[in-house]
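Presented below is the structure to which this report refers.
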């Protein structure tokens, strides 16, 4: 499990492009037959990719690094499959996840395995996990059962649908919020005017992009912005003090995961675009 440490906004202002990418960008999410996980000291979120091909992947293999008996002993987890059909087995119960199906797994689930239905066309499970103080039931969340929120329009190049998976409108969780945003063809902006939410951090995982498509992920304090160029199936850690916004060379899809003080999706401090620097 790779560890990423927290960064002070004053330090970040001095970072070169390479240093910025080193601390905030994860360039490789999916690795064959590996639970490729990243542990961020920002709100103790764990995220990453699980791509079973030739074998089932047992999540508890990562528990040793957390100094717990099993991975979700003190955590909860959200899963969204962005690949082909796969199965997640939770304490003996199998949940078949098609493309863009999700699963919430509550604290206390002990045995968790991941497998693909067809090794030639493997599943790709994107996972996010946060510390949890209570246990809630495991819930399968097909995209048809996620809560859709349509925002933006073509005039501002940001027509998109936000699918809320792990969210109070869909299922109970302790602090994890997780969902997926799909931009319509012709739309490239996510959230402009941009915003911060000092009470919650966020991780963005970008996918469904062409090989030559790039997203310019904007971050930093509103008067000291930077950008990170992101390719397909890469992720960015966005601290709570950072603006949350991005623009692509073409439409794209991303999974967002949040951890922090509350579960109020609308808890955003919007920034006047005229004040950005």
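In UniProt numbering, the protein residues as written are 1 to 277.
Glycine included, C-beta positions come from ideal geometry on N, C-alpha and C.
A quick note: this is a predicted structure, and the numbers were derived from the prediction, not measured.
The beta strand (DSSP E) enclosing residue 23, as first and last residue numbers: No beta strand (DSSP E) contains residue 23, which is instead part of the alpha helix (DSSP H) from 17-24.
Continuous beta strand (DSSP E) stretch holding residue 168: start and end: Note, residue 168: premise wrong, no beta strand (DSSP E); not H, not E.
Pull the bridge partners of residue 259 from the DSSP assignment, please. Looking at the DSSP assignment, residue 259 forms a beta bridge with 201.
Could you check the C-alpha separation between residue 52 and residue 134 for me, to the nearest Å? For the pair residue 52 and residue 134, the Cα-to-Cα distance works out to about 29 Å.
Would you check if the distance between the CB atom of residue 57 and the CB atom of residue 91 is smaller than 8 Å? At a Cβ-Cβ threshold of 8 Å, residue 57 and residue 91 do not count as neighbours.
Rounded to whole angstroms, what's the CA-CA distance from residue 55 to residue 138? Just pull it up for me. Taking the straight line joining both Cα atoms gives about 24 Å.
Pick from 175, 99 and 108: whose alpha carbon is nearest that of residue 144? With distances taken between Cα atoms, residue 144 lies closest to 99.
Kindly indicate if chain B contains any beta-carbon less than 8 Å away from that of residue 84. Although the question refers to chain B, the structure presented lacks it and comprises just one protein chain.
C-beta atoms of residue 86 and residue 115 nearer than 8 Å: Contact flag set, yes.
In terms of residue numbering, what span does the beta strand (DSSP E) encompassing residue 131 cover? Note, residue 131: beta strand (DSSP E), 125-131.
Using beta-carbon positions only, say whether residue 255 and residue 129 come within less than 8 Å of one another. No, these two residues do not count as a Cβ contact at 8 Å.
Specify the secondary structure class of residue 9 as computed by DSSP and reduced to three states. In this structure, DSSP gives residue 9 a helical state, which the three-state scheme calls helix.
With 16 other Cβ atoms within 10 Å as the buried cut-off, status of residue 80: If you draw a 10 Å sphere on the C-beta of residue 80, you find 16 or more other C-beta atoms in it, and that means buried.
Report the start-end ranges of each beta strand (DSSP E) in the region 49-94 that is 3 residues or longer and not cut off at the edges. Taking only runs of at least 3 residues, the beta strand (DSSP E) segments lying wholly in the region 49-94 are 75-81 and 86-90.
Rounded to whole angstroms, what's the CA-CA distance from residue 15 to residue 29? Just pull it up for me. Distance between the alpha carbons of residue 15 and residue 29 is about 23 Å.
Span separating the alpha-carbon of residue 268 from that of residue 196: Taking the straight line joining both Cα atoms gives about 6 Å.
Are the region 224-232 and the region 257-273 touching, with three or more C-beta to C-beta distances below 8 Å? Judged by pairs of C-beta atoms under 8 Å, the region 224-232 does not touch the region 257-273, as fewer than three such pairs exist.
Assumed close pair residue 221, residue 189 - CB separation to whole angstroms, cut-off 8 Å: 20 Å between Cβ atoms; not a contact.
Looking at the strands, I want to know which residues DSSP matches up with residue 227. Per DSSP, 218.
Identify every residue that forms a DSSP beta bridge with residue 148. Residue 148 pairs with 163.
Three-way DSSP call (helix, strand, coil) for residue 155 in this model: Reduced to three states, the DSSP call for residue 155 is helix.
Verify whether the separation of the beta carbon atoms of residue 248 and residue 203 is less than 8 Å. Going by C-beta atoms, residue 248 is not nearer than 8 Å to residue 203.
Residue of 49, 3, 265 and 5 minimising C-alpha distance to residue 170: When 49, 3, 265 and 5 are compared, the shortest CA-CA separation from residue 170 is found for 265.
Output needed for residue 65: all residues of its chain with C-beta closer than 7 Å, excluding positions within five of it in sequence on either side, in chain order. Answer for residue 65: 1, listed in chain order.
Whole-angstrom distance between residue 174 and residue 263, CA atom to CA atom: Taking C-alpha positions only, residue 263 is separated from residue 174 by approximately 9 Å.
Just the C-alpha distance for residue 62 and residue 154, rounded to the nearest angstrom, thanks. CA-CA distance, residue 62 to residue 154, rounds to 44 Å.
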